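7 is the number of the first residue of the sequence shown in full-length UniProt numbering; add one for each residue after it. Quick reminder that beta carbons are idealized off the backbone N, C-alpha and C, glycines included. Keep in mind the model is a prediction, meaning the values are calculated, not measured. Read the structure below first, then the notes.
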Amino acid sequence: SQSAFGMIGLGTMGSNLLQNIADHGYSCSGYDINKEQVQELNDLKSDNIKGYTDLNEFAESLKSPKIVMMLVPAGEIVDNVIKDLLGVLSPGDIIIDGGNSHYTDTEKRYKELEEKGYHFVGMGVSGGEEGARRGPSMMPGGDKEAYKYLQPILEKIAAQVNGEPTVAFMGKGSAGHFVKMVHNGIEYAIMQLISETYAIMKDGLEMHNDEIYKVYKSWNEGRLKSYLVEITADIFSYRNEGEENILLDSIRDQAKAKGTGKWTSQAAMDLHLPTPIIDVSVSTRDLSSKKDLRVEASKIYPDQTASAYGKSPEEYATKLENAFYFAMVSAYAQGMHLMYAANEEFDYDLNLDVIAKIWRGGCIIRSEFLEDIYSAYNKNPELKHLLLDKQIAQSISMNITAARNVVSDAVLNGIATPAFSAALSYFDNFRSETMPTNLIQAQRDFFGSHTYELKAKEGVFHTKWIMENIKE
Ligand code: 6PG
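Following this line, the structure appears as structure tokens:
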């Protein structure tokens, strides 16, 4: 009998996802140019899975309409695979790109394939290797017709939260990949925020790893319950066989990035939509990689002595929990705001509540708090910004002072908290009826005749900022 699902790209993600699909009773075919990976798949000896080294045979093994998902590295490879696929598939067949493709590439591919009569689905897949195997969160977008064929399969293989699958059709064109990109932007922001709490506990409060472990562990038992906090606690208790120190202490402090966080900031800037917590999270990873410069500078500018931290780390950890909650909410809020703006600009048909809902399980940024985001957008689909929701406002209000304390203590002690600071500054501007930006307008007009607008009068104005009128 013919297979219900085909996968191209049998790396860990592809292989795991295919096994997940096979587990749910679907017959599956796999293909990779790397023959060893095909062999590995066949070595699993699953009745439901067969690996092919020949693309023609792979395509022939699928029943119509043929469903082929690509899980290959983003970029040119995706275009090459699509080109090859067009030689073995027919119009009406379904091609899914499950990689982290840039949404503009997806938009282009969607249009090209649609013209040729193929159904194209750009789908974000989150949850890493374990997620792919046991239940990822999936963000498909593009061809809604095709989704009808995929829905039963995807809903079975997705993670389940309260009996509901963490997959839903996101919207038109590149919607799926845009949403996945923002997911990753939020992922960068939350990871950066967590690393700043680590710096504060380690350098400011001079806590030991086992104490830090306990803090993260307890956070994960409350409202901060989330995958990222959970794995952070695990990291603080992970020791290699026979070693006394945790592995973390041996890991270099230069962070790598595949680029999706940067794409989020770039897309946000293109849309003139502020996401400063994500922006500094990208920059801070980049700064971390400039180790040579940091080593050199560290010799010129010695550490500031810690003084703002009292003797009770436990007490301070509560303050830190409050501050983290505040900043984390803000990070999600900025990501949601970006999707709100993209929806207006690109006509995606996104439902922000549905996005929050399918992020509650399976994906890297899954967290208890997404429940609150879901209810905020569910009760008001027109909500312009998460921080304007009354419930959310109420729950973060109690944590603002803690955020101020944490940031100011860190600043006084020379501990860098770019993401916490960005969260707070963003908030203080966001809640300001007036910003000092009238000055920027005046300056622009002064040096470049860029004009300004007046509070009391419609229209644009320009002043010759002549010396005579500059009276001291
Ligand atoms: C996921 C992750 C994943 C991401 C990597 C690392 O949702 O499963 O977001 O898609 O690509 O975890 O990303 P960076 O290399 O950019 O940190």
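- Along the region 131 to 172, the beta strand (DSSP E) occurs as fully enclosed runs of 3 or more residues at 143 to 148, listed in sequence order.
- A check of alpha carbon separations from GLY182 across ILE406, LEU418 and TYR354 identifies TYR354 as the nearest.
- VAL335 and ASN349 have their alpha carbons spaced roughly 21 Å apart.
- Within the region 230 to 279, the complete alpha helix (DSSP H) runs of at least 4 residues fall at 233 to 241 and 266 to 276.
- Taking C-beta atoms as the reference points, ALA165 and GLY130 fail to come closer than 9 Å.
- Bounds of the alpha helix (DSSP H) holding LYS89 are 82 to 94.
- Ranked by Cα distance from THR440, the first of VAL74, THR290, ALA339 and LYS461 is LYS461.
- Residue pairing from DSSP places PHE11 in a beta bridge opposite CYS34.
- For VAL335, there is no enclosing beta strand (DSSP E); the enclosing alpha helix (DSSP H) covers residues 319 to 352.
- Counted as a single uninterrupted DSSP element, the beta strand (DSSP E) harbouring TYR58 occupies residues 55 to 58.
- Apart from the 5 residues on each side of it in sequence, LEU211 sits with its Cβ closer than 6 Å to the Cβ of TYR315, PRO319 and TYR322 in its chain, given in chain order.
- In terms of CA proximity to ASN405, THR324 leads the group TYR124, THR324, GLU170 and GLY228.
- Excluding sequence positions up to five before and after LEU16, its CB lies within less than 6 Å of the CB of GLY36, ASP38, GLN43 and LEU47, all in the same chain and listed in chain order.
- Take LEU326, set aside five residues on each side of it, and the residues of its chain with a beta-carbon closer than 8 Å to its own are THR203, ILE206, MET207, VAL221, ALA408 and VAL412, in chain order.
- Taking 8 Å as the upper bound for CB-CB distance, TYR155 and PRO71 are in contact here, some 6 Å apart.
- Inclusion of ILE252 and ILE237 in the CB contact set at 9 Å is not warranted, their separation being larger than that value.
- Taken through DSSP and simplified to helix, strand or coil, LEU358 comes out as helix.
- For VAL74, the uninterrupted beta strand (DSSP E) run begins and ends at 73 to 76, by DSSP.
- Per DSSP, ASP103 lies in no alpha helix (DSSP H) segment; the continuous beta strand (DSSP E) that holds it begins and ends at 100 to 103.
- Closer than 8 Å to some heavy atom of the ligand 6PG: that does not describe the Cβ of VAL78.
- In its chain, beyond the 5 residues on either side, VAL127, PRO146 and PHE175 have a beta carbon closer than 8 Å to the beta carbon of TYR153.
- Taking every protein chain shown into account, the CB of TYR233 has 16 or more other CB atoms within 10 angstroms, so this residue is buried.
- Beta-carbon to beta-carbon, THR266 and MET342 are separated by about 17 Å, too far to satisfy the 8 Å threshold.
- Within the same chain, and ignoring the five residues on either side of TYR116 in sequence, the residues whose Cβ sits closer than 8 Å to its Cβ are PHE126, GLY128, GLY148, ASP149, GLY179 and SER180.
- In this structure, LEU95 is the residue among ASN106, SER132 and LEU95 with its C-alpha nearest to the C-alpha of GLY123.
- When C-alpha distances from LYS262 are compared across LYS297, TYR244, ALA138 and ASP255, the shortest belongs to LYS297.
- Within the model, the alpha-carbon separation for TYR109 versus GLY191 is close to 14 Å.
- Under the 10 Å beta carbon count, THR469 is surrounded by fewer than 16 other beta carbons and is classified as exposed.
- Listed as beta-bridge partners of TYR458 by DSSP are PHE467.
- Under the DSSP definition of a beta bridge, PHE126 partners with ILE101.
- In the structure shown, LEU68 falls within a strand segment according to DSSP collapsed to helix, strand and coil.
- Separation of the CB atoms of ILE284 and TYR194 is rounded to 6 Å, and the pair is thereby assigned contact status at 8 Å.
- Taking all protein chains in view, the Cβ of GLU113 is crowded by 16 or more other Cβ atoms within 10 Å, so the residue is classified as buried.
- Setting aside the 5 residues that flank it on each side, SER287 is surrounded in the same chain by TYR194, ALA195, GLN198 and ALA425, each with a C-beta closer than 6 Å to its C-beta; the list follows chain order.
- Inter-residue distance for LYS268 and ASP292 is about 10 Å (C-alpha atoms, whole angstroms).
- By DSSP's assignment, SER107 forms no beta bridge with any residue.
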